[in-house]
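Peer 1: Heads up: the sequence shown at position 2 corresponds to -6 in the numbering used here, and the numbers run straight through without jumps. Note that CB positions come from ideal geometry on N, CA and C, so glycine has one too.
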Amino acid sequence: MRAVTAVFRERVVDLDAVTANVIRLRELVGTPHVMAVVKADAYGHGAVESARAALAGGADWLGVAEVAEGLELREAGITAPVLAWLHDPDEDFEAAARAGLDLGLSSLEQLETAARAGRGDRPVFVHVKVETGLSRNGVAEADWDAVFARARELEASGDVVVRGVFSHLSNASLEDDRAALAVFESALARARAAGLAPELRHIAASAAALTLPESRYDLVRLGIAVYGLSPFGGGSGAEYGLRPAMTLRGRVAAVRRVPAGKGVSYDYTYRTAGETTLALVPLGYAEGIPRHASNRGPVSIAGHAFRISGRVAMDQFVVDVGDLDVRVGDEVVLFGDPATGVPGADDWAAAADTINYEIVTRLGGRLKRTFVGGAQ
Ligand SMILES: *Cc1c(COP(=O)(O)O)cnc(C)c1O
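1) Could you tell me which of Val139, Gly225, Ser165 and Ser228 sits nearest to Ala186, measuring between CA atoms?
2) May I ask which residues mark the beginning and end of the alpha helix (DSSP H) holding Ala9?
3) Please check the pair Leu202 and Pro223, which I expect to be a contact at CB under 8 Å, by giving their CB distance rounded to whole angstroms.
4) With hydrogens ignored, establish whether the beta-carbon of Val29 is closer than 7 Å to any heavy atom of ligand 1.
5) Any heavy atom of ligand 1 closer than 7 Å to the beta-carbon of Ile347?
6) From the beta carbon of Asp151, is the nearest beta carbon of chain C less than 8 Å away?
7) Under the criterion of a Cβ to heavy atom distance below 7 Å, does Pro223 qualify as lining ligand 1?
8) Going by the beta-carbon positions, is the gap between Ala285 and Gly357 smaller than 8 Å?
9) For the stretch 245 to 259 against the stretch 15 to 24, are there 3 or more C-beta pairs whose distance is under 8 Å?
10) What did DSSP end up calling His284 once you bin it into helix, strand or coil?
11) Please state the DSSP three-state secondary structure of Glu2.
12) For Tyr258, tell me which candidate among Ala305, Val(-1) and Ala68 has the shortest Cα-Cα distance.
13) Looking at ligand 3, does it come within less than 7 Å of Trp77, judged from the CB to the closest heavy atom?
14) So if DSSP puts Ala32 in a beta bridge, which residue, or which two residues, is it bridged to?
15) Fully enclosed by the stretch 134 to 196, which alpha helix (DSSP H) runs are 4 residues long or longer?
16) Alpha carbon to alpha carbon, what distance is there between Val152 and Trp136?
17) For Met(-7), collect the residues of the same chain with a Cβ closer than 6 Å to its Cβ; drop the 5 residues on either side in sequence, then sort them by chain order.
18) For Glu350 and Ala343, what's the separation of their Cα atoms in angstroms?
19) Would the stretch 263 to 273 and the stretch 29 to 36 be scored as touching if the rule is three or more Cβ pairs under 8 Å?
20) Return the Cβ separation of Ala9 and Gly226 in integer angstroms, given the expectation that the two are a contact with Cβ distance under 8 Å.
21) When the Cα atoms are used, what is the spatial distance from Glu206 to Ala106?
22) Okay, do the stretch 84 to 98 and the stretch 51 to 64 touch, 3+ Cβ pairs below 8 Å being the bar?
23) Measuring only the C-alpha atoms, how far is Glu58 from Leu78?
24) Go ahead and pull the three-state DSSP assignment for Glu123.
25) How about Ile351: is its Cβ closer than 7 Å to a heavy atom in ligand 1?
26) Within 10 angstroms of the Cβ of Leu192, are there 16 or more other Cβ atoms? Answer buried if so, exposed if not.
27) Looking at the secondary structure, which residues open and close the beta strand (DSSP E) in which Thr269 lies?
28) Let me make sure I understand the geometry here. Which of Ser98, Gly125 and Asp322 has the alpha-carbon closest to that of Val(-1)?
29) Using a Cβ-based criterion (distance less than 7 Å to any ligand heavy atom), does Ser198 qualify as near ligand 1?
30) Kindly examine ligand 1 and report whether one of its heavy atoms sits closer than 7 Å to the Cβ of Ala57.
31) Just mark Tyr209 as buried or exposed, buried being the case when its beta carbon has 16 or more other beta carbons within 10 Å.
32) I need the boundaries of the beta strand (DSSP E) containing Arg299, first residue and last residue.
33) By a C-beta neighbour count over all protein chains shown, 10 Å radius and 16 as the cutoff for buried, is Val318 buried or exposed?
34) Quick one: give me the first and last residue of the beta strand (DSSP E) that Ser292 is part of.
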């Protein structure tokens, strides 16, 4: 990573790590197609920049939840295939069709709306999502035949092209995921029986793509792994040769020397054990630092490992650094690549009883975002 002078508070996203992770993941999964999932602003990493970095690594599809997220990619000039799969009941499929977005559809109503958006000179490319166990969206088994038959009619009339049939897994256990794959197989058979020949069958996200080879089909939809993190709680991206792309850091804003027994931050949930130095870090829950990680969240200050002392506040938290000679302006790393000796997003996930996905995606507020690497 190129050196960048630390600022008050920022997340640094290493776009070369995103590219390298996609290259590595393509080797690992060996599928004809790889979709980089860049929903939710690429899990906090910056949708447009991360999408470009993932495409540079050989991803040939991009995945988003909402049409608006796909339109943002198009407005930035990204022409790669994009699939959007979670829609408002009044979603503007016309705009999606004009922008050439593929639509993941979960009901007959959505299929009809998409077909109307395509009526005219060009078909709308759709991927029918089937429910295989997760109980979210996806066409229920009882409706498969009706939806597949109607999709075939709309294909014949030139309104839609059924480019894909897909689903999503629970990761509850390998047995549960294998059971869902069996349901997916029967959906694919019923689609074929209805006369459909979807070019892209896909069901695996990062977890299944890494551990369940039979789930890979024609395309895998990779989110968290693209950003260098493991989809498994307690795991590490390094186990798969992946490198975390995001570093969250800031600079010490104030330092004070205090006696033993001094209360620290709201509610005095921390008291100093002896005379010590307290460092003030200007990141708080407004930036997405979990208050739940009060007294637990790990930080690296001037290369030394500490934990937050007391409550995380809206704008700031305090760290008891003992007798270390910490100065205003010293760099504080909350998380980054553990291989460089700093805490990882996984350590923060453990400290806040959550998952690394939430740690990176929830960041925002007044945080700057800086990119390093990439083609810029
Ligand atoms: C978010 C999402 C993914 C990516 O999941 P990861 O676990 O981050 O790889 C894939 N498919 C769908 C439908 C999703 O919603």
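Peer 2: Here's the rundown:
1) Val139
2) Looking at the DSSP string, the run of the alpha helix (DSSP H) that includes Ala9 is Leu7 to Val21.
3) 7 Å
4) yes
5) No, the beta carbon of Ile347 sits no closer than 7 Å to any heavy atom of ligand 1.
6) Checking the listed chains, one finds no chain C in this structure; it contains a single protein chain.
7) yes
8) With respect to Gly357, Ala285 sits apart: the two C-beta atoms are not nearer than 8 Å.
9) no
10) Correct three-state label for His284: helix.
11) strand
12) Ala305
13) Ligand 3 is absent from the structure shown, which contains only ligand 1.
14) Paired residues: none, contrary to the question.
15) Every alpha helix (DSSP H) of 4 residues or more that sits fully in the stretch 134 to 196 is shown, in chain order, as 136 to 148 and 166 to 185.
16) When the Cα atoms are used, Trp136 and Val152 turn out to be separated by approximately 17 Å.
17) Bear in mind that a pLDDT of 39 at Met(-7), under 50, signals an unreliable position, so the number given afterwards is only what the model happens to contain. Within the same chain, and ignoring the five residues on either side of Met(-7) in sequence, the residues whose Cβ sits closer than 6 Å to its Cβ are Asp6 and Val364.
18) 12 Å
19) Verdict: no, contact absent.
20) Rounded, the Cβ-Cβ distance is 22 Å, inconsistent with contact.
21) 31 Å
22) yes
23) 5 Å
24) coil
25) no
26) buried
27) Thr268 to Val273
28) Asp322
29) yes
30) yes
31) Tyr209 comes out buried.
32) His296 to Arg299
33) buried
34) Pro290 to Ile293
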